[in-house]
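Notes to accompany the following structure.
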Amino acid sequence: MLKKLIGFSTLSLAIAASHAQADKIVFAIGGTPNSLQGQTAQEFSDRLQERLGDAHQVEYYHSGQLGDERQLIQKLRAGTVDLAAISSIMSSVSPEFALFDMPFLVKDRDHLKRLDQEIIMQDLAQKADEKGLNLISTWENGFRHITNNEHAIETPEDLEGLKLRTPQSEWRTLMFETWGANPTPMAFSEVFVALQTGVVDGQENPLSNINGAKFQEVQDYLSLSNHVYSPIWLTAGKGGWGKLPEDVRTAITEVAAETQDWALAKGAELDDSLLEAMRGEGMEVNRVDRDAFVEASNPVYAEFAEQVEGGQELVDRAMALAEE
Numbered sequence: 016m017l018k019k020l021i022g023f024s025t026l027s028l029a030i031a032a033s034h035a036q037a038d039k040i041v042f043a044i045g046g047t048p049n050s051l052q053g054q055t056a057q058e059f060s061d062r063l064q065e066r067l068g069d070a071h072q073v074e075y076y077h078s079g080q081l082g083d084e085r086q087l088i089q090k091l092r093a094g095t096v097d098l099a100a101i102s103s104i105m106s107s108v109s110p111e112f113a114l115f116d117m118p119f120l121v122k123d124r125d126h127l128k129r130l131d132q133e134i135i136m137q138d139l140a141q142k143a144d145e146k147g148l149n150l151i152s153t154w155e156n157g158f159r160h161i162t163n164n165e166h167a168i169e170t171p172e173d174l175e176g177l178k179l180r181t182p183q184s185e186w187r188t189l190m191f192e193t194w195g196a197n198p199t200p201m202a203f204s205e206v207f208v209a210l211q212t213g214v215v216d217g218q219e220n221p222l223s224n225i226n227g228a229k230f231q232e233v234q235d236y237l238s239l240s241n242h243v244y245s246p247i248w249l250t251a252g253k254g255g256w257g258k259l260p261e262d263v264r265t266a267i268t269e270v271a272a273e274t275q276d277w278a279l280a281k282g283a284e285l286d287d288s289l290l291e292a293m294r295g296e297g298m299e300v301n302r303v304d305r306d307a308f309v310e311a312s313n314p315v316y317a318e319f320a321e322q323v324e325g326g327q328e329l330v331d332r333a334m335a336l337a338e339e
């Protein structure tokens, strides 16, 4: 009997040790759990864990728990984070990513899929590789809209002097400066308090981010602009990616591709349901004068063509893919 107990105890310790030694895959995002970014990241984490089984433990961190996106890029390169979802700040890695900061560039989600195949995973992935990052998959942050506490935004003139939070992207800053606003870049995790205390008057984000962070609790006006469609890129550090076993890299790549389809479908679903929910919570909703904003955006495109090598060619190729 004693031998059986000793044997059982030894086996239990061995199993516990095996679990303790399971390889960790650390995955982090800056967004909140309720945002589309957060829901997509959770879906990916669950699917990847199921695919990998007990040999690997997927550790998922949201809401900037491991840092904002700028810090996550540093951690990817250092190898202290294995995977991260990175959005607009990718233009600070390589200026070509600012293509997705160009106003009214992306027509719809089918257009994004073509952009992903023809431009993102060809040109932009190579640029990321040169800067020590591996682009794995393109997911969705969504079509962006403007909220504020002053008045409805219908034309660029309505933005004049408005203190508006933007992501830490020089191109998004330029866009809103061009439209007359006073853009204030800051990390997403800081935005609610900044809105609540009046540090900024408004912000711009997809509906899922607005709802996920409960901005409707501290914002009165929602102006539907669709001014930018923001992808979010599942990214690894080039060095860390190369150290992962081949079967793990394959699993991550395949599950990420499955998750892309899930994210795009979920984004389309949320566009309708969240708009009605926010109306129900008292936000005043209007649609902007799209033609007026498009006309006012010409200087942004001109600056992109001038500053980014091959920028005009990228824009032309992207626009052509909208018509297929």
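So the sequence shown is residues 16 to 339, counted in this note's numbering. Heads up, the beta-carbon is just placed ideally off N, CA and C, and yes, glycines get one too.
Helix, strand or coil at residue i [DSSP, three-state]
i: I206; result: At residue 206 the sequence reads Val, which differs from the Ile that was named. V206: helix per DSSP, three-state reduction.
i: E232; result: helix
i: T212; result: helix
i: P182; result: coil
i: A93; result: helix
i: S12; result: No information on residue 12 is available, as it lies outside the stretch 16 to 339 that the chain covers here.
i: I40; result: strand
i: I101; result: strand
i: W154; result: strand
i: I225; result: helix
i: P198; result: strand
i: G217; result: strand
i: R187; result: helix
i: G252; result: strand
i: E74; result: strand
i: S106; result: helix
i: S245; result: strand
Nearest-angstrom Cα separation, counted from residue j out to residue i
i: L114; j: P246; result: 11 angstroms
i: E169; j: T212; result: 25 angstroms
i: I40; j: T55; result: 17 angstroms
i: D216; j: E232; result: 13 angstroms
i: A202; j: D83; result: 6 angstroms
i: R425; j: L336; result: As displayed, the chain neither begins before 16 nor continues past 339, which places residue 425 out of reach and without an answer.
i: E58; j: V270; result: 10 angstroms
i: F119; j: E192; result: 16 angstroms
i: E219; j: L179; result: 8 angstroms
i: R302; j: A70; result: 50 angstroms
i: S60; j: D97; result: 13 angstroms
i: P260; j: T188; result: 40 angstroms
i: Q183; j: Q72; result: 32 angstroms
i: H126; j: M334; result: 9 angstroms
i: L279; j: S102; result: 15 angstroms
i: H77; j: P171; result: 34 angstroms
i: L67; j: V263; result: 7 angstroms
i: Q36; j: Q64; result: Residue placement at Q36 is poorly supported in this model, since its pLDDT is 49, which falls under 50; the coordinates are not used for a value here.
i: R62; j: A272; result: 11 angstroms
i: T181; j: P198; result: 6 angstroms
i: L174; j: R305; result: 14 angstroms
Residue nearest to residue i in terms of C-alpha spacing, selected from the options
i: N224; options: D38, V309, I44 and Q52; result: Q52
i: V214; options: P221, N220, G227 and P200; result: P200
i: N347; options: E328, V243 and G79; result: Because residue 347 is not part of the residues shown, which for the chain are 16 to 339, the question remains open.
i: E324; options: S102, D97, L81 and S109; result: S109
i: S50; options: A280, G227 and A311; result: G227
i: G79; options: S204, Q64, D138 and K122; result: S204
i: I267; options: G282, A251, E185 and D125; result: A251
i: V315; options: I104, E185, L177 and G68; result: E185
i: L222; options: A280, H160, L174 and G297; result: H160
i: E339; options: D69, R124 and D38; result: R124
i: F308; options: L239, L67, Y76 and G255; result: L239
i: F230; options: V263, N197, D262 and A292; result: A292
i: E296; options: A209, L237 and W248; result: L237
i: D38; options: R62, T47, E74 and G46; result: E74
i: R196; options: S107, G46, K142 and T162; result: This sequence places Ala at residue 196; Arg is not what is there. A196 has its Cα closest to that of T162, out of S107, G46, K142 and T162.
Near the ligand ZN: residue i beta-carbon under 8 angstroms from a heavy atom
i: V206; result: Of ligands this structure carries none, so the ligand ZN is not represented either.
Spatial neighbours of residue i in its chain, beta-carbon cut-off 8 angstroms, leaving aside the 5 residues before and after
i: D331; result: none
Residues near residue i by beta carbon distance below 7 angstroms, same chain, minus five either side
i: D235; result: N164, M298 and E299
i: A140; result: L150
i: L210; result: Q218, F230, V233 and Q234
i: R85; result: I104 and Q183
i: Q275; result: S152, T153 and W154
Residue-chain proximity (residue i, chain B), Cβ-Cβ < 9 angstroms
i: M105; result: Reference to chain B is not applicable here, since this structure consists of a single protein chain.
Beta-carbon contacts of residue i that lie in its chain and below 6 angstroms, excluding the five residues immediately before and after
i: L329; result: L114
i: G147; result: R92 and K253
i: A320; result: G326 and Q327
i: N241; result: F158
i: V121; result: L127 and Y244
inquiry  = Pairs of beta-carbons, one from the segment 277–289 and one from the segment 133–143, closer than 8 angstroms: are there three or more?
reply    = no
inquiry  = Below 8 angstroms, how does it come out for the segment 298–317 and the segment 92–106: are there three or more Cβ pairs, yes or no?
reply    = no
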